[in-house]
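Asker:
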Amino acid sequence: MGSVSFFSRLVKRIETKEYRNAEAENRHQWLDNNDLRPVPIADRTFGWKSYFWFWLSANATPASFYGVSAALAAGLSVWEALACQLGGQIMIATVFVFNGRAGAAYHIPYPTIARASFGVWGAYWPVVNRVVMTLVWTGVNAVQGGQCAYVMLHSLFPSIARIPDVFPDGASALNSGGMIGFFLFWILTTSLLHIKIPNLRPYMYTKLGIFFICSICLLGWALAEAGGIGPVARQGSTIHGSTKSWTVARYVFIYCANGATYATNASDFLRYAKKPKDAFWPQLIGFPLSTFLVGIIGNLIVSSSVITFGELIWNPIDFMDALLEKHYNSATRAGIFFLALGFLYASIISSIFENSIPAGNDLAALWPRFITIRRGFYIAAIISYAMCPWYILGSASSFVAWLASYQIFLSSITGVMLCHYFIVSRGYLKISDMFTPAHSGLYYYSRGWNYRAYVAYLVGIVPNFYGFLGVFGVSVTLPATRMYYFAYPMGLALSFGTYWALNKLNPPICSNMGQMFREVGSEAEDAVIESEVVAAAVDLRTSKGGMGLDASEKDAVLV
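FYI, full-length UniProt numbering numbers position 322 of the sequence shown as 322, with every residue one higher than the one before it.
1. Evaluate contact between the segment 93 to 105 and the segment 273 to 286, counting only Cβ atoms and requiring at least three cross-stretch pairs below 8 angstroms.
2. Take Leu410 and list the residues in its own chain whose beta-carbon comes closer than 6 angstroms to its own, dropping the five residues that flank it on each side.
3. Would DSSP call Trp53 helix, strand or coil?
4. In the DSSP assignment, what residue or residues form a beta bridge with Ala273?
5. Helix, strand or coil for Trp314? Go by DSSP, reduced to three states.
6. Does Met434 pass the burial test, meaning 16 or more other C-beta atoms within 10 Å, or should it be called exposed?
7. Would Leu192 and Ile348 be called neighbours here (beta carbons separated by less than 8 angstroms)?
8. Among Gln144, Lys49, Ser511 and Lys196, which has the Cα closest to the Cα of Lys277?
9. Counting Cβ pairs, one atom from each stretch, are 3 or more of them under 8 angstroms apart for the segment 117 to 129 and the segment 318 to 332?
10. Compare the C-alpha of Arg482 against each of Phe468, Ala60, Gly103 and Phe46 and name the closest.
11. Taking C-alpha atoms, which residue in Leu153, Glu225, Gln89 and Val136 lies nearest to Ile254?
12. So, at 7 angstroms on beta carbons, what are the nonlocal neighbours of Val476 in its own chain, with the 5 sequence-adjacent residues on each side left out?
13. From Ala114 to Pro489, what does the alpha carbon distance come to, in whole angstroms?
14. Please determine, among Val462, Leu458, Tyr443 and Ser425, the residue with the shortest C-alpha to C-alpha distance to Glu519.
15. Taking C-alpha atoms, which residue in Phe292, Val131 and Asn175 lies nearest to Asp164?
16. Quick one: measure Cβ to Cβ for Ile160 and Gly177, integer angstroms, because I've assumed they're closer than 8 angstroms.
17. Does DSSP put Ser446 in a helix, in a strand, or in coil?
18. Could you check if Arg234 is buried or exposed, using at least 16 other CB atoms within 10 Å of its CB as the buried criterion?
19. Which term fits Ile108, buried or exposed, when burial requires 16 or more other beta carbons within 10 angstroms of its beta carbon?
20. Could you round the C-beta distance between Ser69 and Trp314 to whole angstroms and report it? I think they count as a contact, below 8 angstroms.
21. Pull up the distance between the alpha-carbon of Lys275 and that of Leu56, whole angstroms please.
22. In the DSSP assignment, the alpha helix (DSSP H) including Tyr159 goes from what residue to what residue?
23. Report the rounded CA-to-CA distance for Phe377 versus Gly228, giving the unit in angstroms.
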């Protein structure tokens with residue numbers, strides 16, 4: 001009995017405050033905590049300028065330097081590869097802003113919005129899908145940040161480059177010295193996860209300035225060493241005809257799928273918007289533009305490596321380390337140290353915003369009894385290390401294969417969510433029903449699962465599954481391989497169309513198909529919706545017996 005009592009006390013100790021509040025208020029503890037509810041009014045601080053600069057800053061990271069390296073290795077020129085990247089990211093930015101509309105309007109995260117289409121229990125699987133991808137990206141960005149930390153340490157301690165390597169050749173993106181940099185990056189990032197999300201904006205702006213100063217300095221240094229931009233920036237493609245056309249198509253959609261994670265959980269970012277319109281054009285323009293600008297700088301830097309070192313070094317961080325090895329004197333060491341420090345800071349802030357926040361939201365949704373968004377941050381940090389991400393980045397081809405494979409699952413989820421919000425619900429979400437598994441709830445469907453969403457999800461995956469096997473070495477036909485290039489838009493369209501047809505044939509009780517589009521802030525909004533949204537947006541004062549929102553705050557909810 002003593003051990004049982006101890007275990008019970010331990011469980012009670014690690015339960016979240018939100019769970020205990022839910023017990024006191026008879027709310028359903030498996031579906032509700034404060035991180036899954038609408039963002040409190042005081043934290044809705046992102047205007048259009050904030051979002052525009054947010055994406056410029058978010059993509060101001062060393063990872064964006066060499067985003068087109070795979071396309072260059074396939075035979076495209078630098079400018080053709082950059083054009084493919086820009087085209088693909090414009091497409092995914094379009095999906096991003098529309099799929100994030102519900103978050104911008106209702107201020108709720110992706111795990112909560114997924115309940116509207118997949119059901120209050122059925123939404124667990126889409127969240128698991130996102131969790132897996134988020135954890136991988138968290139680890140991958142930690143490896144890239146670790147490379148920055150290693151170069152910084154190398155400028156201080158030359159002996160770090162002489163540590164015997166324990167990894168097989170070509171199997172890992174890091175050597176033994178790089179692992180020290182990885183641990184330093186991991187510790188620094190984890191130590192900053194306690195900062196509240198709205199309070200991170202100053203860090204984002206600071207990071208933007210530091211990154212571009214360091215980038216321009218490194219570009220100037222590289223051009224000075226080479227005496228010009230290098231032959232890679234001037235050379236044409238090495239492939240022609242239909243081979244080139246199919247290669248262009250392939251990489252346009254790979255770079256589109258590269259942003260599939262953002263498109264799926266767009267609401268996790270856009271829920272902090274002051275107004276829905278603040279989250280549209282800044283994302284549509286700022287996201288692809290920022291990646292394009294950083295990509296140009298990165299490719300000009302690495303292009304010069306052919307002249308300076310006689311070989312092409314695709315990673316600018318490796319280029320910095322090569323400069324250090326070539327001129328290991330006090331001036332070079334000081335310059336590389338400050339450049340690496342700036343890039344390290346940029347990587348840390350990007351990792352928090354682009355990986356830790358989505359991971360925290362998703363993990364909190366999986367187990368609200370014990371996990372808040374803050375705890376989710378730390379859990380993601382631990383798991384991302386345990387996944388050994390340095391092996392994923394062991395080669396560019398293996399990482400591209402991973403991205404290409406996972407898109408088929410995320411595109412189907414996104415297609416269902418887009419169709420539900422814009423076609424089925426017509427913009428109307430009843431927030432209170434997303435947190436209660438009552439039979440009368442709009443999103444209970446059948447035992448909490450919406451079969452329509454799951455059928456549409458599978459229909460979006462099946463046509464791409466044969467090509468998906470080809471990514472992992474299974475022999476497939478050339479037509480199947482080429483069809484798989486279009487896996488993301490195909491999965492999105494098929495799941496969207498199937499979900500629409502099933503809702504047309506067998507409408508659920510939440511269906512508003514054929515009615516006027518209405519959501520928070522629209523002219524068609526009525527008093528019923530207003531009362532529901534205001535009630536759902538009340539902050540912790542209400543749950544603790546406070547007076548709730550005053551009149552001015554109620555008006556602000558509907559802005």
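In this text, a Cβ means the ideal position worked out from N, Cα and C, and glycines have one as well. Note that this is a predicted model, so its numbers are computed, not measured.
Answerer: Answer, in terms of the structure:
1. Touching, yes, given that three or more Cβ pairs across the two stretches are closer than 8 angstroms.
2. The count along the sequence shown starts at 1 and reaches residue 410 at position 410. If we look at Leu410 and ignore the five residues flanking it on each side, its Cβ neighbours are Ala260 and Thr264.
3. Within the sequence shown, residue 53 is the residue found at index 53, counting from 1. Note: Trp53 maps to helix in three-state DSSP.
4. As a position in the sequence shown, residue 273 is number 273, starting the count at 1. DSSP output for Ala273 lists Phe46 as bridge partner(s).
5. In the sequence shown, residue 314 corresponds to position 314, counting from 1. DSSP places Trp314 in coil when its eight states are reduced to three.
6. Translated into the one-based positions of the sequence shown, residue 434 becomes position 434. Its Cβ being crowded by 16 or more others within 10 Å, Met434 is buried.
7. The residue given as residue 192 occupies position 192 in the sequence shown. The residue given as residue 348 occupies position 348 in the sequence shown. Cβ atoms of Leu192 and Ile348: closer than 8 angstroms.
8. Counting from 1 along the sequence shown, the entry for residue 277 is found at position 277. It is Lys49 whose Cα lies nearest to the Cα of Lys277.
9. No, the segment 117 to 129 does not touch the segment 318 to 332.
10. Translated into the one-based positions of the sequence shown, residue 482 becomes position 482. Checked all of Phe468, Ala60, Gly103 and Phe46; the closest Cα to Arg482 is Phe468.
11. Position 254 of the sequence shown, counting from 1, holds the residue named residue 254. Looking from the CA of Ile254, the closest CA among Leu153, Glu225, Gln89 and Val136 belongs to Gln89.
12. On the sequence shown, residue 476 is found 476 positions in, with the first residue counted as 1. Hits under 7 angstroms: Tyr466, Gly467, Leu469 and Gly470.
13. Here residue 114 refers to the residue found at position 114 when the sequence shown is read from its first residue. Here residue 489 refers to the residue found at position 489 when the sequence shown is read from its first residue. Near 20 angstroms, if we compare the C-alpha coordinates of Pro489 and Ala114.
14. What you label residue 519 is simply residue 519 of the sequence shown in a count that begins at 1. Checked all of Val462, Leu458, Tyr443 and Ser425; the closest Cα to Glu519 is Ser425.
15. Here residue 164 corresponds to residue number 164 of the sequence shown, with the count starting at 1. Correcting the residue identity first, residue 164 is Pro in this sequence and not Asp. Comparing Cα positions, the closest option is Asn175.
16. As a first step, residue 160 is located in the sequence shown; it is residue number 160 there, counting from the start. As a first step, residue 177 is located in the sequence shown; it is residue number 177 there, counting from the start. Ile160 to Gly177, Cβ: 4 angstroms. Contact.
17. As a working mapping, residue 446 is identified with position 446 in the sequence shown. The answer is strand: DSSP assigns Ser446 an E or B state.
18. For this step, residue 234 is matched to residue 234 along the sequence shown. Of the residues assessed, Arg234 falls on the exposed side of the cut-off, its CB having fewer than 16 other CB atoms within 10 angstroms.
19. The count along the sequence shown starts at 1 and reaches residue 108 at position 108. Ile108 is buried by the Cβ-count criterion.
20. As a position in the sequence shown, residue 69 is number 69, starting the count at 1. As a position in the sequence shown, residue 314 is number 314, starting the count at 1. At roughly 4 angstroms, the Cβ-Cβ gap stays under 8 angstroms, so Ser69 and Trp314 are in contact.
21. To locate residue 275, count along the sequence shown from 1; it is residue 275. To locate residue 56, count along the sequence shown from 1; it is residue 56. About 20 angstroms.
22. Against the sequence shown, residue 159 aligns to sequence position 159. The sequence given here has Ser at residue 159, not Tyr. Premise fails: Ser159 is in no alpha helix (DSSP H) and is neither H nor E.
23. Residue 377 sits at position 377 when you count from the first residue of the sequence shown. Residue 228 sits at position 228 when you count from the first residue of the sequence shown. For Phe377 and Gly228, the distance between alpha carbons rounds to 44 angstroms.
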